[in-house]
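**Student:**
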């Protein structure tokens, strides 16, 4: 590898894009694609294309730092991914635009089609899938098993409409066991006990930090229900079918 013709030009260019020298070193170590072809024909043109579309400096740095194999793609291939992101309605002025490029660069056509079939199986229309993708492109990177597991829990165990997940598709990237199950279970129990009138949107209680969630939905309630909520949240008791519980609760009151 020529120091003057290969390594130095790449280092100098990356220093203009990234904030720190250690990030430059990390990028060069992470991807062999950095050393394929010339930077003028690939990454220079790729990033120029993004800038011309209005993609922010920070979003470009994020793409280069975290997905150098995408940023260093052959320009003609990179252009196709950019066009796909635009066709799917992703806004270059928003961060998810570079995420969409990354997804189109990483997900094989066969895997993409399998994801479509999985979402359609749960009643999502093409428009709804496109909406979810625009919000969180990574929803097409989750495994079929993860999507099925999450949907089965929300729809069949908790009785939610499957379309509710389309507006917060990042839930498919959250830990099913550590976040989705305990938090949904706590909210459903609060509703069953009449302590909340309506279920909040999925994203409002699944995405915030653990401390925020516990303060908002566990510790602020009386001690008798708080202990029950905490057991459920920390998985010390098994999650039950809340729809069945609701029916039994109504019968016991009649």
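Residue numbers (the UniProt record's numbering): 1 to 254. Think of the CB as a built atom: it goes at the ideal place given N, C-alpha and C, for glycine as much as any other residue. In this text the structure is predicted, and so the values were computed from the model without any measurement.
#1: As a quick exercise: from 135, 41, 156, pick the residue whose alpha carbon is nearest that of residue 99.
#2: Taking the alpha helix (DSSP H) that residue 214 falls in, what are its first and last residues?
#3: If we ignore side chains and look at the alpha-carbon of each, how far apart do residue 28 and residue 20 end up?
#4: Which word fits residue 182, buried or exposed, when buried means at least 16 other C-beta atoms lie within 10 angstroms of its C-beta?
#5: Can you tell which of 209, 208, 211, 184 has the C-alpha that lies nearest to the C-alpha of residue 198?
#6: Could you say if the stretch 85-97 and the stretch 106-124 meet the contact criterion of at least three C-beta pairs nearer than 8 Å?
#7: Between residue 254 and the rest of its own chain, which residues show a CB-CB distance below 7 Å, the 5 nearest in sequence each way excluded?
#8: How far does the alpha helix (DSSP H) with residue 184 in it reach, from first residue to last?
#9: My parser needs the alpha helix (DSSP H) runs of 4 or more residues fully inside the stretch 117-188; what are they?
#10: Relative to the C-alpha of residue 42, which candidate in 71, 217, 111 has its C-alpha closest?
#11: Throw me the rounded Cβ distance for the residue 258 and residue 17 pair, which I believe falls under 8 Å.
#12: If residue 206 and residue 171 are in contact, beta carbons under 8 Å, what's the gap, nearest whole angstrom?
#13: Pick helix, strand or coil for residue 20, following the three-state DSSP scheme.
#14: Would you call the CB atoms of residue 46 and residue 75 closer than 8 Å?
#15: Between the alpha carbons of residue 109 and residue 146, how many angstroms are there, rounded?
#16: Helix, strand or coil for residue 89, going by three-state DSSP, please let me know.
**Tutor:** This is what the structure holds:
#1: 135
#2: 210-217
#3: 13 Å
#4: buried
#5: 184
#6: no
#7: Caution applies to residue 254, whose pLDDT of 38 falls short of 50 and renders its modelled position unreliable; the value that the coordinates give is listed next. Answer for residue 254: no residue qualifies.
#8: That run of the alpha helix (DSSP H) goes 181-192.
#9: 126-135, 144-151
#10: When each option's Cα is compared against that of residue 42, the closest is 71.
#11: Absent from the model: residue 258. The displayed extent of the chain is 1 to 254, so no value can be given.
#12: 5 Å
#13: Taken through DSSP and simplified to helix, strand or coil, residue 20 comes out as coil.
#14: yes
#15: 19 Å
#16: coil
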